[in-house]
Amino acid sequence: MYWEHLRNVWRSTTFHLGLLFMVLFAASFLIIGGFVYRQTMVFLEQEMRATIDVELNQSRQFYLERGEEIFLAEIEGLAELDPSGIYIILDDACQALAGGYKRLDDDESIQEICTNAPDTDGWVLFELDIPRGFRAQIPEWDDNVYARIIPIAPNRQLLYGRMGGNIDSAREVVQSALAWGLAAMGVLAVLGSYLMAGSIAGRLEQINRISQEIRHGDLSRRMPLRRGSDEFDRLSGNLNRMLDQIQTLMEGVRSVSDAIAHDLRTPLARLRTRLERLRKVPPGEVDAGVAQSIQETDSMLATFNALLSIAQLEAGSRRTEFADVDMQALMVDIVDLYEPVASEKDIDLRLEQHTAVSLHGDRNLLFQAISNLVDNAVKYTPEGGRVQLELLRRGQGLRLMVSDSGPGIPSEERDRVFERFYRLDAHRDLAGNGLGLTLVAAVAKLHDSRVELQDNDPGLRVVWNLPRGGSRS
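Using the working numbering, the first residue of the sequence shown is number 32, and each one after it goes up by one.
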């Protein structure tokens, strides 16, 4: 189990990205470290050169003030007291007259030093071959010597230099720090990449495992959520909402299948019985039986079409047909459509519109949904009753209300009337298939809103609130 987890981590994209970032960071570290190293060395060399220049200027001033004899004695003394410094008095021919010239080996003669000096403004860099016993007496011992030759008087030159022990020590410290820093960074980067990849791989493994369980049929399983709100929680939340919708659709499919089997079995059986009878009736009575059969078939086709429309709406496939809809004109068209039916029952059908509102949606679906509400209101309102439509602004949104003075719907059944094929017992003798309000709820959901049923005292009030961003003036 552990080795499998280790292999998964090693193969993970997160681990590879971590290593890639480590390489990029290491390259940046080396570039910056190299720049710091170079600047440090330049600074130390400049300090060394400044020290040498100060010493040379002081020595020249001392020579001019005290004379050659005292100066030569002083140089001999300095050569003994300051073993890390090189003091040599030269003539014009670069012959050593006094100082620590005995430290120079045969390979790097004073003549060669003098030959190179004019090309570098008197600055030279050479090496010393000092016996090991003498090295222990020099705190800043180093093979490299930074030196400069300047004239201090006619026929006299002074070579003064210092061993680069401090510079070389600093160089070693900086190089060591860079090496250790790079090594530590590599170890921490690998460890951090492993831990980060392990954490991410663990959470992804949870999602993969639960996905397999869902694929095998357990639609009740959901992705785990932590208290944070990182990208995995957002992904898991979206997956859970998607699974909720899938489960709802699956349950809806099962419910529709059961409802179709239950509600269409009777009309199909009735249609078959009628057709069987038509085989035995006299020819003159066939037309009436055929007409009834056609009417029964049309009713079943209407039911299937309504189910298909609801399925399309719940799948969100109609959202691409959204456009700006003039709600005032739409409501007027609906009132004009149902005015004759309402007049036959002496029902007062009126539209109360307080302002013109434009809605971004599907006009045909909105027309069909609102027509279903008005149709129900007119159908269940007794003669001499009242049906009122209201359209008004609500903040940046829209409120649509359809109120009637009919019998209303009991509060305990208001949620169930939106289910497929559900009908109140008192209304089963009336024409209908129990899908009207289901279609209304699907259209409302497609428009990011919901429909509520309230008491109108007497009657029913249907309130449809569209979201603040769903309407446009």
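For glycine and all other residues, C-beta sits at the position ideal for the given N, C-alpha and C. Keep in mind it's a predicted model, so treat the numbers as computed, not measured.
TODO: Could you tell me which residues DSSP pairs with residue 188 in its beta bridges?
DONE: The count along the sequence shown starts at 1 and reaches residue 188 at position 157. BP columns for residue 188 point to 121 and 182.
Task: Pick from 48, 72 and 193 that is closest to residue 118, judged by C-alpha positions - done: Sequence index remark: in the sequence shown, residue 118 carries index 87 (1-based). Ranking 48, 72 and 193 by Cα distance to residue 118 puts 193 first.
Open item on the list: Let's test the definition: count the other Cβ atoms within 10 Å of the Cβ of residue 277 and tell me whether it reaches 16, buried, or not, exposed.
Closed with: Translated into positions along the sequence shown, residue 277 becomes position 246. Residue 277 should be labelled exposed.
Task: Reference residue 109; option with closest CA among 129, 95 and 96 - done: Within the sequence shown, the letter at position 78 stands for residue 109. Nearest option by C-alpha distance: 129.
Task: residue 360, enclosing alpha helix (DSSP H) - first and last residue - done: On the sequence shown, residue 360 is found 329 positions in, with the first residue counted as 1. 358-375 is the span of the alpha helix (DSSP H), which, as asked, contains residue 360.
- [ ] Assuming residue 15 and residue 417 form a contact by the criterion Cβ under 8 Å, report the distance between their Cβ atoms to the nearest whole angstrom.
- [x] Here the chain comprises residues numbered 32 to 504, so residue 15 is not present and cannot be evaluated.
Task: Simplified DSSP state of residue 493, which is helix, strand or coil - done: Numbered from its first residue, the sequence shown carries residue 493 at position 462. The answer is strand: DSSP assigns residue 493 an E or B state.
Task: Among 275, 411, 305 and 424, the one whose alpha carbon lies nearest that of residue 387 - done: Taking the first residue of the sequence shown as position 1, residue 387 is located at position 356. Closest by alpha carbon: 424.
TODO: Return yes when the Cβ of residue 191 is within less than 8 Å of the Cβ of residue 86, no when it is not.
DONE: Within the sequence shown, numbered from 1, the residue matching residue 86 stands at position 55. Within the sequence shown, numbered from 1, the residue matching residue 191 stands at position 160. Yes, the pair counts as a contact, with Cβ atoms nearer than the cut-off.
- [ ] Grab the span of the alpha helix (DSSP H) containing residue 475 for me, first residue to last.
- [x] Counting from one through the sequence shown, the residue named residue 475 turns up at place 444. Counting along the chain, the alpha helix (DSSP H) containing residue 475 begins and ends at 467-477.
TODO: Pick out whichever of 452, 202, 455 and 407 has its Cα sitting closest to the Cα of residue 436.
DONE: The residue given as residue 436 occupies position 405 in the sequence shown. Residue 407 is the option with its Cα nearest to residue 436.
Task: Nearest-angstrom Cα separation, counted from residue 120 out to residue 221 - done: In the sequence shown, residue 221 corresponds to position 190, counting from 1. In the sequence shown, residue 120 corresponds to position 89, counting from 1. So the two alpha carbons sit approximately 60 Å from each other.
Open item on the list: Taking 8 Å as the threshold (C-beta atoms), are residue 466 and residue 365 in contact?
Closed with: The residue you call residue 365 lines up with position 334 of the sequence shown. The residue you call residue 466 lines up with position 435 of the sequence shown. No; because the gap between Cβ atoms is not below 8 Å, this pair is not in contact.
- [ ] Count the CB pairs spanning the region 395-412 and the region 473-480 that are closer than 8 Å, and state whether there are at least three.
- [x] yes
TODO: With DSSP as the reference, please indicate the residues paired to residue 177 in a beta bridge.
DONE: Locating residue 177 in the sequence shown gives position 146, where the first residue counts as 1. DSSP, once it has assigned bridges, lists 156 and 193 as partnering residue 177.
TODO: Decide if residue 219 is buried, meaning its Cβ has at least 16 other Cβ atoms within 10 Å, or exposed.
DONE: One-based indexing of the sequence shown puts residue 219 at position 188. Its Cβ having fewer than 16 others within 10 Å, residue 219 is exposed.
TODO: Could you tell me whether the region 201-214 touches the region 61-69, using the rule of 3 or more Cβ pairs below 8 Å?
DONE: yes
TODO: Quick one: grab the DSSP three-state call for residue 434.
DONE: Looking up residue 434 in the sequence shown gives position 403. Looking at residue 434 - three-state DSSP - the assignment turns out to be strand.
Task: Own chain partners of residue 164 with C-beta closer than 8 Å, once the 5 adjacent residues on each side are dropped - done: For the purposes of this step, residue 164 is taken as residue 133 along the sequence shown, with counting starting at 1. Any reading at residue 164 must be qualified, since the residue scores a pLDDT of 44, below 50, and its modelled position is unreliable; no value is offered.
Open item on the list: Just to confirm the assignment, what range does the beta strand (DSSP E) spanning residue 389 have?
Closed with: The residue given as residue 389 occupies position 358 in the sequence shown. 389-392 is the span of the beta strand (DSSP E), which, as asked, contains residue 389.
Task: residue 428 and residue 497 closer than 8 Å at C-beta - done: Within the sequence shown, residue 428 is the residue found at index 397, counting from 1. Within the sequence shown, residue 497 is the residue found at index 466, counting from 1. A contact, by the Cβ cut-off of 8 Å.
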